[in-house]
Ligand SMILES: Cc1ncc(COP(=O)(O)O)c(C=O)c1O
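Residue numbers (our numbering): 87 to 535.
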């Protein structure tokens with residue numbers, strides 16, 4: 087069994103985590119123990135960090151009333167937790183029809199599909215819902231096979247598209263694949279455009295990685311789909327516009343379906359409703375999820391080119407909760423809330439401020455090797471040495487646990503990248519407070535390089 091480093095998130099088995107677990111009160115400890123006793127242990131899970139009681143706005147709140155500003159939120163928290171606008175709509179729907187069986191339809195589901203199509207460019211006009219992001223990915227992979235008649239898929243190494251067998255096959259994270267083979271046949275991987283170290287020094291030269299895609303298409307044959315996140319969410323890698331334009335061109339030329347996985351990044355995270363809008367391209371299939379359910383319901387969607395609507399005899403999804411009216415009402419009011427409150431514009435403004443503040447920190451602390459992001463999604467990469475870019479994993483953990491102590495939660499990716507994704511409803515004051523907590527932790531950790 088592979089026991090290598092955890093790249094997707096921070097380790098739940100590290101010494102720093104052990105220290106954190108030892109420092110918590112007896113009541114919480116007892117509940118964490120109960121969690122550990124009853125839940126099957128898996129990577130990135132047991133032991134949990136804390137026991138939560140409540141969530142509200144930008145905060146998750148533990149049983150003692152300690153409030154953490156949530157800069158991770160599993161990417162469901164664009165409009166904050168327990169958003170009153172959404173809660174009111176759900177309560178109304180709850181009293182009328184909380185479930186709609188398959189073979190029937192309902193107005194909330196139709197309205198949501200209509201709304202998604204109206205805010206996406208044509209021909210992204212055909213929708214299917216699913217109860218989770220992984221299931222939306224599964225549908226997209228099936229559809230791409232049917233459309234092209236070609237079985238093989240290319241994705242990036244290091245990518246994550248869900249934890250089911252087909253999604254880990256298409257994904258490129260060793261942690262999720264190890265020991266589980268044989269995986270789905272015909273899944274090929276290419277280096278992600280962030281393997282380009284030149285980007286680290288500010289020079290964008292990722293076009294070569296798009297050309298590498300063409301090389302594999304040519305050598306391998308039978309490639310039906312290329313799947314990737316437009317911006318890699320976990321360690322916040324932002325390819326150039328030129329990269330995406332080249333990828334789009336290559337897919338068109340080779341009759342390959344371009345599937346973009348925006349499960350964590352859609353709905354305003356990057357300052358645009360959809361992340362692909364930052365790159366002047368559009369996918370053939372778009373996968374949505376996480377925040378689609380407004381941080382309340384598990385809901386995902388596949389939105390596809392309408393010309394792919396030719397497989398009425400094939401079950402692409404067939405999910406029990408396919409047209410859930412409660413989830414649909416939550417999603418509809420989430421989108422309305424973004425629109426009514428001009429959240430895209432304010433995300434761009436707050437994002438610019440956050441970028442400036444992080445760059446000021448970078449100028450002050452050599453521990454910070456790189457700052458990258460868009461809108462309210464930022465990655466802060468910590469290094470012990472700028473020349474070698476040696477990962478400052480110990481310092482990253484020290485920063486995390488210091489911030490948790492002081493009421494700021496986020497995730498570490500690739501061992502040394504702090505991923506900072508605040509709810510888009512965060513106020514300027516709250517954002518400034520969070521940056522103060524972060525800076526103080528980075529200052530402390532800098533002393534141990
Ligand atoms: C990029 C990406 N794709 C797919 C998924 C899977 O979504 P879900 O956990 O809802 O199945 C995730 C979840 O973290 C994700 O980050």
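Here a beta-carbon is modelled for each residue, glycine too, at the ideal position from N, C-alpha and C.
Inset, instruction - For residue 247, verify whether its CB is less than 7 Å away from any heavy atom of ligand 1. - result: Translated into the one-based positions of the chain shown, residue 247 becomes position 161. Indeed, a heavy atom of ligand 1 lies less than 7 Å from the Cβ.
Inset, instruction - In angstroms with no decimal places, state the Cα-to-Cα distance between residue 330 and residue 311. - result: On the chain shown, position 244 is the one that residue 330 refers to. On the chain shown, position 225 is the one that residue 311 refers to. Rounded to whole angstroms, residue 330 to residue 311 spans 15 Å at the Cα level.
Inset, instruction - Report buried or exposed for residue 518, applying the criterion of at least 16 other Cβ atoms within 10 angstroms of its Cβ. - result: If you number the chain shown from 1, residue 518 lands on position 432. Residue 518 comes out exposed.
Legend entry - beta-carbon residue 350 near ligand 1 non-hydrogen atom, thresh 7 Å: The residue you call residue 350 lines up with position 264 of the chain shown. It does: the Cβ of residue 350 is within 7 Å (strictly closer) of some heavy atom of ligand 1.
Inset, instruction - Assign residue 138 to buried or exposed, taking buried as 16 or more other Cβ atoms, counted over all protein chains shown, within 10 Å of its Cβ. - result: Position 52 of the chain shown, counted from the start, is the residue given in the question as residue 138. So residue 138 ends up on the exposed side.
Legend entry - Straight-line Cα distance separating residue 337 from residue 231: Counting from one through the chain shown, the residue named residue 231 turns up at place 145. Counting from one through the chain shown, the residue named residue 337 turns up at place 251. Our two residues, residue 231 and residue 337, have alpha carbons roughly 14 Å apart in a direct line.
Inset, instruction - Kindly indicate the opening and closing residues of the beta strand (DSSP E) around residue 241. - result: Within the chain shown, the letter at position 155 stands for residue 241. First-last of the beta strand (DSSP E) with residue 241: 238-242.
Inset, instruction - Apply the 10 Å Cβ neighbour rule to residue 514 and answer buried if 16 or more other Cβ atoms are within range, or exposed otherwise. - result: Along the chain shown, read from residue 1 onward, the residue named residue 514 stands at position 428. By the Cβ-count criterion, residue 514 is exposed, with fewer than 16 other Cβ atoms from all chains shown falling within 10 Å of its own Cβ.
Legend entry - Boundaries (first-last residue) of the alpha helix (DSSP H) holding residue 302: For this step, residue 302 is matched to residue 216 along the chain shown. It spans 293-306 - the alpha helix (DSSP H) in which residue 302 sits, taken as one unbroken run.
Inset, instruction - Compare the Cα-Cα distances from residue 426 to each of 100, 165, 326 and report the closest residue. - result: Start at 1 with the first residue of the chain shown, and residue 426 comes out as number 340. Cα-wise, what sits closest to residue 426 is 165.
Inset, instruction - Could you tell me the distance, in whole angstroms, from the CA atom of residue 493 to the CA atom of residue 462? - result: Translated into positions along the chain shown, residue 493 becomes position 407. Translated into positions along the chain shown, residue 462 becomes position 376. If I take the Cα positions, the gap works out to 19 Å.
Inset, instruction - Could you tell me the boundaries of the alpha helix (DSSP H) in which residue 503 lies? - result: Taking the chain shown and counting its residues from 1, one reaches residue 503 at position 417. Here residue 503 belongs to no alpha helix (DSSP H); instead the beta strand (DSSP E) covers 503-506.
Inset, instruction - Report yes or no: do the segment 502-511 and the segment 469-480 share at least 3 C-beta pairs separated by less than 8 Å? - result: yes
Inset, instruction - Find out if the Cβ-Cβ distance for the pair residue 328, residue 379 is shorter than 8 Å. - result: Locating residue 328 in the chain shown gives position 242, where the first residue counts as 1. Locating residue 379 in the chain shown gives position 293, where the first residue counts as 1. Not a contact, by the Cβ cut-off of 8 Å.
Legend entry - Cross-strand partners of residue 389 (DSSP beta bridge): As a position in the chain shown, residue 389 is number 303, starting the count at 1. DSSP, once it has assigned bridges, lists 213, 372 as partnering residue 389.
Legend entry - Bridge partners - residue 459, DSSP secondary structure assignment: For this step, residue 459 is matched to residue 373 along the chain shown. DSSP output for residue 459 lists 464 as bridge partner(s).
Legend entry - For residue 155, the residue or residues it bridges with in DSSP: Within the chain shown, numbered from 1, the residue matching residue 155 stands at position 69. DSSP, once it has assigned bridges, lists 145, 494 as partnering residue 155.
Inset, instruction - Starting from residue 232, trace the beta strand (DSSP E) both ways and give me its first and last residue. - result: On the chain shown, residue 232 is found 146 positions in, with the first residue counted as 1. Careful: residue 232 lies outside any beta strand (DSSP E), inside the alpha helix (DSSP H) at 219-234.
Inset, instruction - Whole angstroms is fine: what's the gap from residue 141's alpha carbon to residue 147's? - result: By one-based count along the chain shown, residue 141 stands at place 55. By one-based count along the chain shown, residue 147 stands at place 61. Straight-line Cα distance between these residues: approximately 6 Å.
Inset, instruction - Look at residue 324 and residue 430 and say whether their C-beta atoms are less than 8 Å apart. - result: Counting from one through the chain shown, the residue named residue 324 turns up at place 238. Counting from one through the chain shown, the residue named residue 430 turns up at place 344. With a cutoff of 8 Å on beta-carbon distance, residue 324 and residue 430 are scored as not near each other.
Inset, instruction - Report yes if the C-beta distance between residue 223 and residue 274 is below 8 Å; otherwise report no. - result: In the chain shown, the residue the question calls residue 223 occupies position 137. In the chain shown, the residue the question calls residue 274 occupies position 188. Not closer than 8 Å, so no.
Inset, instruction - With hydrogens ignored, establish whether the beta-carbon of residue 218 is closer than 7 Å to any heavy atom of ligand 1. - result: On the chain shown, position 132 is the one that residue 218 refers to. Yes, ligand 1 has a heavy atom inside 7 Å of this Cβ.
Legend entry - As assigned by DSSP and simplified to three states, the class of residue 499: Counting from one through the chain shown, the residue named residue 499 turns up at place 413. Of the three classes helix, strand and coil, the one that applies to residue 499 here is strand, per DSSP.
Legend entry - residue 522 to residue 435 span [Cα, whole Å]: As a working mapping, residue 522 is identified with position 436 in the chain shown. As a working mapping, residue 435 is identified with position 349 in the chain shown. Looking at the two C-alpha atoms, the distance is approximately 19 Å.
Legend entry - Residue nearest to residue 295 in terms of C-alpha spacing, selected from 241, 261, 371: Here the question's residue 295 lines up with position 209 in the chain shown. Looking at the Cα atoms, 241 is the closest of the given residues.
Legend entry - Proximity winner among 383, 534, 415, 516, relative to residue 161 (alpha-carbon distances): As a working note, residue 161 is residue 75 in the chain shown. If we check each option's Cα against that of residue 161, 383 comes out closest.
Inset, instruction - Just the C-alpha distance for residue 183 and residue 334, rounded to the nearest angstrom, thanks. - result: In the chain shown, residue 183 corresponds to position 97, counting from 1. In the chain shown, residue 334 corresponds to position 248, counting from 1. The straight-line gap from Cα to Cα measures roughly 42 Å.
Legend entry - Within the segment 425-453, ranges of the alpha helix (DSSP H) (whole runs, at least 4 residues): 429-450
Legend entry - Opposing strand residues paired with residue 476 [DSSP bridges]: Numbered from 1 along the chain shown, position 390 holds the residue referred to as residue 476. In DSSP, residue 476 forms a bridge with 471.
Inset, instruction - Spell out the partners DSSP gives residue 262 in its beta bridges. - result: As a position in the chain shown, residue 262 is number 176, starting the count at 1. Paired residue(s): none; residue 262 is not in a bridge.
Legend entry - ligand 1 heavy atom lying under 7 Å from the CB of residue 587: Absent from the structure is residue 587, since the part of the chain shown begins at 87 and ends at 535.
Legend entry - residue 525: CB within 7 Å of a non-hydrogen atom of ligand 1: On the chain shown, position 439 is the one that residue 525 refers to. Checking the Cβ of residue 525 against ligand 1 gives no.
Legend entry - Residue range of the beta strand (DSSP E) that includes residue 540: The structure shown does not extend to residue 540, since the chain spans only 87 to 535, so no value can be given for it.
Legend entry - Three-state secondary structure assigned by DSSP to residue 568: This structure gives no information on residue 568, because the portion of the chain shown stretches from 87 to 535.
Legend entry - Proximity test, residue 195 beta-carbon vs ligand 1 heavy atom, cut-off 7 Å: Counting from 1 along the chain shown, the entry for residue 195 is found at position 109. No.
Inset, instruction - Using only the heavy atoms of ligand 1, determine whether one of them is closer than 7 Å to the beta carbon of residue 410. - result: Position 324 of the chain shown, counted from the first residue, corresponds to residue 410. No - ligand 1 has no heavy atom lying nearer than 7 Å to the Cβ of residue 410.
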